[in-house]
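One structure is given here, and the rest of the page talks about it.
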Amino acid sequence: MNTSVRTVSDVIHARFDELTRAERQLAESLLDNYPVSGLGSITTVAENAGVSTPTVARMVQKLGFKGYGEFQGRLHQELEASLSNPIAKHDRWALNAPGTHIINRFADAVMNNMRQSLSEIDTGTFDGVVRLLCDKKRAVYFVGGRITGAIAEYFFTHMQVIRPKTTLMSSNSGSWPQHVLNMAAGDVLIIFDIRRYEADMETLARVAGANGIEIVLFTDTWTSPVAKHARHCFKLHIEAPSAWDSSVVALFVVETLIEAVQSAAWDETRERMATLEGLFEQARLFRRLRSP
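To convert, note that position 78 of the sequence shown is 78 in the UniProt record's numbering; the numbers rise steadily by one, no gaps.
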């Protein structure tokens, strides 16, 4: 297995069924507060998981690492990448930037993100999210962070045309308890949480999940802590030659979901669109073309 292109979390999940009972106990301990739970000494990691030190050594080798040092080094790299601030990201890209135009460099990065993300997206996960969004009995809530809130709003704006019972939650966590109060078991909460993960997001996911809410997460390959509470998770590639992460792939998946949901119930969607257009007309929201 080539572990160089996957996170340690991905490797653990992929090999989980091959692990012994003690190794699974260790894996669950590592994933519980990933990646911080694996940054201590081998003895500390073993004690926290309630297993022996040799169990730790055997499992990391079974996962494809030469030893605990290489395993922990990978975790440190992932943590550093997940915490990268915009200035650090810009400086890293500037140092390694090829001598081509920024348009070409950015396009190459985005297309690479798209290729890698598409090769890793599980169609079963995608179809499962479509089924949740098509179920009109479920209310759907959308929330994002300081940057990703814009994608959450974009998703919500389209979905409220396609189906009823949709709510956009503010990025201000102070308003979240009132929304959770209105959520019923089986409702859907779509969360966008990209690296520099926002601390309150995991709290929201934990509380909502404990109340039977179905959580769908859009995150990156380093994976938001919200993932442990999510039923469905899209881990997308986001690197770009910029101080900011790229949202292109996330927007692509969102727009594909929108199309899948509206097509699944097109007759109803078309009727809602026609009604909405009539309301736009009454409100004179858009300019009308005039004959010359």
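Using N, Cα and C, we set each Cβ at its ideal position, and we do this for glycine too. Computed from a predicted structure; not experimentally measured.
For Asp-220: DSSP bridge partner residues: The partner list for Asp-220 (beta bridge, DSSP) reads Leu-236.
Residue range of the unbroken beta strand (DSSP E) whose run includes Thr-166: 166 to 168
Status (buried if at least 16 other CB within 10 Å, exposed otherwise) for Ser-291: Because Ser-291 carries a pLDDT of 44, less than 50, the predicted location of this residue cannot be relied on, and the following value inherits that uncertainty. The residue in question, Ser-291, is exposed, as its Cβ has fewer than 16 Cβ neighbours within 10 Å.
Span of the beta strand (DSSP E), counted from its first residue to its last, around Leu-189: 188 to 192
Test item: CB-CB of Ser-187 and Ile-213 under 8 Å: It is worth fixing the name first, because residue 187 is Asp in this sequence and not Ser. Going by C-beta atoms, Asp-187 is nearer than 8 Å to Ile-213.
Every unbroken alpha helix (DSSP H) inside the stretch 21 to 92 [4 residues or more]: 21 to 32, 42 to 49, 53 to 62, 68 to 82
CB contact flag (Val-140, Ile-215, <8 Å): Annotated as distal: Val-140 and Ile-215, with beta-carbon spacing of 8 Å or more.
C-alpha gap between Asn-112 and Gln-61, whole angstroms: 30 Å
Residue(s) in a DSSP beta bridge with Glu-214: Per the DSSP secondary-structure output, Glu-214 pairs in a beta bridge with Val-188.
DSSP three-state assignment for Ser-291, whether helix, strand or coil: For Ser-291, the predicted model reports a pLDDT of 44, less than 50, meaning its position is unreliable; a value from the coordinates is still stated below. Coil, per DSSP.
Local conformation of Tyr-141 per DSSP, three classes: Strand.
Proximal residues to Gln-72 (C-beta, below 7 Å), its chain only, five neighbours per side dropped: Cβ within range, chain order: Gly-38, Leu-39.
Continuous alpha helix (DSSP H) stretch holding Tyr-154: start and end: 149 to 162
Segment limits, alpha helix (DSSP H) that includes Asp-267: 266 to 283
Three-way DSSP call (helix, strand, coil) for Ile-12 in this model: helix
Alpha-carbon spacing of Ala-109 relative to Cys-134, whole angstroms: Between the C-alpha atoms of Ala-109 and Cys-134 there is a straight-line separation of about 33 Å.
The stretch 218 to 238 / the stretch 115 to 125 touching (three or more Cβ pairs under 8 Å): yes
Neighbourhood of Asn-2 by C-beta distance below 7 Å, restricted to the same chain and skipping five residues each side: Note that Asn-2 has pLDDT 45, beneath the 50 cutoff, so the model's placement of it is unreliable and the number below is only indicative. Same-chain partners within the cutoff: there are none.
CA nearest to the CA of Leu-168, picked from Ile-162, Leu-181, Tyr-154: Tyr-154
Buried or exposed (CB count within 10 angstroms, at least 16 for buried), Ile-151: buried
Arg-284, buried or exposed, once every other Cβ within 10 Å from all chains shown has been counted against 16: exposed
The stretch 176 to 183 contacting the stretch 120 to 132, beta-carbon criterion three pairs below 8 Å: no
Among Leu-279, Met-159, Thr-275, nearest to Ala-260 - alpha-carbon criterion: Met-159
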